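Undergrad: For the record, the sequence lines run as chains G and H.
Going letter by letter, the first sequence gives residues 58 to 391 in the numbering used here.
Going letter by letter, the second sequence gives residues 76 to 192 in the numbering used here.
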Amino acid sequence: MKDLLAVAMLSGIYGLLSASFFVTMDAVDVAFTEASVGAGISTLLMLTTIAIVGRFERSQRHKPSLALAVTFFTGVLLIYGTLDMPYFGSPNAPANQHVAPQYLNDTVLGQDKSVNQVGVPNVVTAVLASYRGFDTFGEVAVIFTAGIGVLALLAVVRRPEEDAKIAAINESMHQKNLILRIVIKVLIPFILLFALYVQFHGDYGPGGGFQAGVIFAAAFILYAMLFGLSTARRVINQTLIQILAAIGVLIYGSVGLVSILNGRNFLDYNALSSDSIAGQHLGILVIELGVGITVTSVMVIIFFNFAGRLENREANESVTRNISSDGHVTKEKL
Amino acid sequence: MILGLYNYWVVVVLMMIGFYIVIAQGNLIKKIVGLNIFQTSVFIFYISMAKVDDGTAPILADGISLYSNPLPHVLILTAIVVGIATTAVGLALAVRIKGAYGSIEEGEIQARDNQEC
Numbered sequence: 058m059k060d061l062l063a064v065a066m067l068s069g070i071y072g073l074l075s076a077s078f079f080v081t082m083d084a085v086d087v088a089f090t091e092a093s094v095g096a097g098i099s100t101l102l103m104l105t106t107i108a109i110v111g112r113f114e115r116s117q118r119h120k121p122s123l124a125l126a127v128t129f130f131t132g133v134l135l136i137y138g139t140l141d142m143p144y145f146g147s148p149n150a151p152a153n154q155h156v157a158p159q160y161l162n163d164t165v166l167g168q169d170k171s172v173n174q175v176g177v178p179n180v181v182t183a184v185l186a187s188y189r190g191f192d193t194f195g196e197v198a199v200i201f202t203a204g205i206g207v208l209a210l211l212a213v214v215r216r217p218e219e220d221a222k223i224a225a226i227n228e229s230m231h232q233k234n235l236i237l238r239i240v241i242k243v244l245i246p247f248i249l250l251f252a253l254y255v256q257f258h259g260d261y262g263p264g265g266g267f268q269a270g271v272i273f274a275a276a277f278i279l280y281a282m283l284f285g286l287s288t289a290r291r292v293i294n295q296t297l298i299q300i301l302a303a304i305g306v307l308i309y310g311s312v313g314l315v316s317i318l319n320g321r322n323f324l325d326y327n328a329l330s331s332d333s334i335a336g337q338h339l340g341i342l343v344i345e346l347g348v349g350i351t352v353t354s355v356m357v358i359i360f361f362n363f364a365g366r367l368e369n370r371e372a373n374e375s376v377t378r379n380i381s382s383d384g385h386v387t388k389e390k391l
Numbered sequence: 076m077i078l079g080l081y082n083y084w085v086v087v088v089l090m091m092i093g094f095y096i097v098i099a100q101g102n103l104i105k106k107i108v109g110l111n112i113f114q115t116s117v118f119i120f121y122i123s124m125a126k127v128d129d130g131t132a133p134i135l136a137d138g139i140s141l142y143s144n145p146l147p148h149v150l151i152l153t154a155i156v157v158g159i160a161t162t163a164v165g166l167a168l169a170v171r172i173k174g175a176y177g178s179i180e181e182g183e184i185q186a187r188d189n190q191e192c
């Protein structure tokens, strides 16, 4: 396919399809994330990039027959390897026998008064935030680092007079799409409300900081797309959002420090309250909040930097277009 | 029954499609899409291993005793969000390469590098 726009659209559809795959395989939390990330944010980033780098592919693929042979050979080897794997849906598979039954039993409220008991109905959240809180801390740090990476690669420093010029261009562009703008204006509060619900209901149903963060960011990005980047910059302060990205990670880390100061292990929420279940609830709520803040701000940072590049390029192009049309006019006069 | 392994074959086919795109396509955006497909195939691999016949989603409720395995769900949940963050870095690199070389086709970038040497 030569048209990269079609490629981006297809990859969005693919994301939505794999989300429905995950639902049929009982992974509701994962499906939730994939639907908002794969079909939403990643398609959006792809489209912005294509708008910057050009829509059509030029070169031919190189040595397709050799690549085909390599992939075919690897594929056959991998399928040969699967012959020893446990069957699909088998409850006796090693992966389902190791620690998972323990997680499932321990999380049940009041069934077993062990030390590890969490008392949160959504086992995925319990494992994510409590049993494997340290892993999740690492993941949040990776997301934060990616945000810094994009900032370092794409941040545009602009002079104020250029800013005003770009704002004027944006104003003229965004006079259109009246219906979309009104509909989105009505929808945005509901999207934000839904994100809050997902954020704080993660203990009981599918959801949590990661999903809520992406939905929050989607609301801001929608706003930025329809009302122009300069308007959105006035609403969302860029410095503030960069600080918020760091604060999310810090909230997560400081929960761990608080439990160390109370004489327990890092991220051991039993230390947060005299009642261990209340402590677990509090700990999970706070670190999910930290995750949500970081994910939201990093996604917004990423989008704003991509779109800022695009805006810059459009501004430069319109300047050159004006010059060339001026040249044309003078020629005609002559 | 060897057909009980079909989930792995779906994964292998998807993975090889992604792999082929990464090797054979010269366009950097397409390579990133290929990496995404490869990544999703690994997600499906993990989630399909977590599925237990007749089990339900791992949200505890009265009257249900069989749940799917929650652990792979956790691993993949975070992997998806990290995946989008790293994809964003990849796309950002592609934008910068476009700025520096004027192209995101692998062949043209190579040709310019060879010229400068």
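Idealized CB from N, CA, C, for every residue including glycine.
All figures in this text were calculated on a predicted structure; none of them were measured in a lab.
#1: Run down chain G in chain order and give the residues with a C-beta less than 9 Å from the C-beta of F94 (chain H).
#2: Quick check: the stretch 94–102 of chain H against the stretch 125–133 of chain G, are there 3 or more CB pairs under 8 Å?
#3: Are any of the Cβ atoms in chain G nearer than 8 Å to that of I184 (chain H)?
#4: Quick test of the definition: if touching needs 3 or more C-beta pairs under 8 Å, does the stretch 142–161 of chain H touch the stretch 80–93 of chain H?
#5: With DSSP as the reference, please indicate the residues paired to T131 (chain H) in a beta bridge.
#6: Name the two residues that bound the continuous alpha helix (DSSP H) containing Q295 (chain G).
#7: Is the shortest distance between the beta-carbon of V170 (chain H) and the beta-carbons of chain G less than 8 Å?
#8: Just checking my contact of A76 (chain G) with A96 (chain G) at CB under 8 Å: how many whole Å lie between their CB atoms?
#9: When burial is assigned at 16 or more other CB atoms within 10 Å of the CB, is D332 (chain G) buried or exposed?
#10: Mind reading off the beta-carbon distance from I92 (chain H) to I112 (chain H)? Whole number of angstroms is fine, and I expect it under 8 Å.
#11: Is DSSP giving F145 (chain G) helix, strand or coil here?
#12: Any beta-carbon of chain H closer than 8 Å to the one on S77 (chain G)?
#13: Which word fits L144 (chain H), buried or exposed, when buried means at least 16 other C-beta atoms lie within 10 angstroms of its C-beta?
#14: May I have the straight-line CA-CA distance separating N102 (chain H) from R187 (chain H), to the nearest angstrom?
#15: Tell me the start and end of each unbroken alpha helix (DSSP H) in the stretch 76–159 of chain G that is at least 4 residues and wholly inside, in chain order.
#16: Between Y176 (chain H) and chain G, is any beta-carbon pair separated by less than 8 Å?
#17: Using a Cβ cut-off of 8 Å (strictly closer), state whether I139 (chain H) contacts chain G.
#18: Quick one: Cα of V177 (chain G) to Cα of A88 (chain G), how far?
#19: Of the choices H:K173, H:L80, H:I119 and H:I139, whose alpha-carbon is the least far from that of L150 (chain H)?
#20: Does the beta-carbon of L185 (chain G) have 16 or more other beta-carbons within 10 angstroms, so that it is buried, or is it exposed?
#21: How would you call L211 (chain G), buried or exposed, if buried means at least 16 neighbouring beta carbons within 10 angstroms?
#22: Note the first and the last residue of the continuous alpha helix (DSSP H) segment covering L210 (chain G).
#23: Starting from the beta carbon of K105 (chain H), find every residue of chain G whose beta carbon is closer than 8 Å, and list them in chain order.
#24: Decide if L391 (chain G) is buried, meaning its Cβ has at least 16 other Cβ atoms within 10 Å, or exposed.
TA: Considering the structure as presented:
#1: A124, V127, T128, T131 and G132
#2: yes
#3: no
#4: no
#5: H:Y142
#6: Q295 to L318
#7: yes
#8: 7 Å
#9: exposed
#10: 6 Å
#11: coil
#12: no
#13: The question names Leu, but residue 144 (chain H) in the sequence shown is Asn. Buried is the call here.
#14: Cα-Cα distance, rounded: 15 Å.
#15: Correct list: 85–93, 99–110, 121–139 and 151–154.
#16: No - not a single Cβ of chain G is within 8 Å of the one on Y176 (chain H).
#17: no
#18: So the alpha carbons of these two residues sit roughly 20 Å apart.
#19: H:I119
#20: Residue environment analysis places L185 (chain G) among the buried positions, since at least 16 neighbouring C-beta atoms fall within 10 angstroms of its C-beta.
#21: So L211 (chain G) ends up on the buried side.
#22: G190 to L211
#23: Neighbours of K105 (chain H) on chain G, chain order: L61, V64 and E114.
#24: Confidence in L391 (chain G) is poor, its pLDDT being 42 and thus under 50, which makes the residue's placement unreliable; the coordinate value appears in the next sentence. Label assigned to L391 (chain G): exposed.
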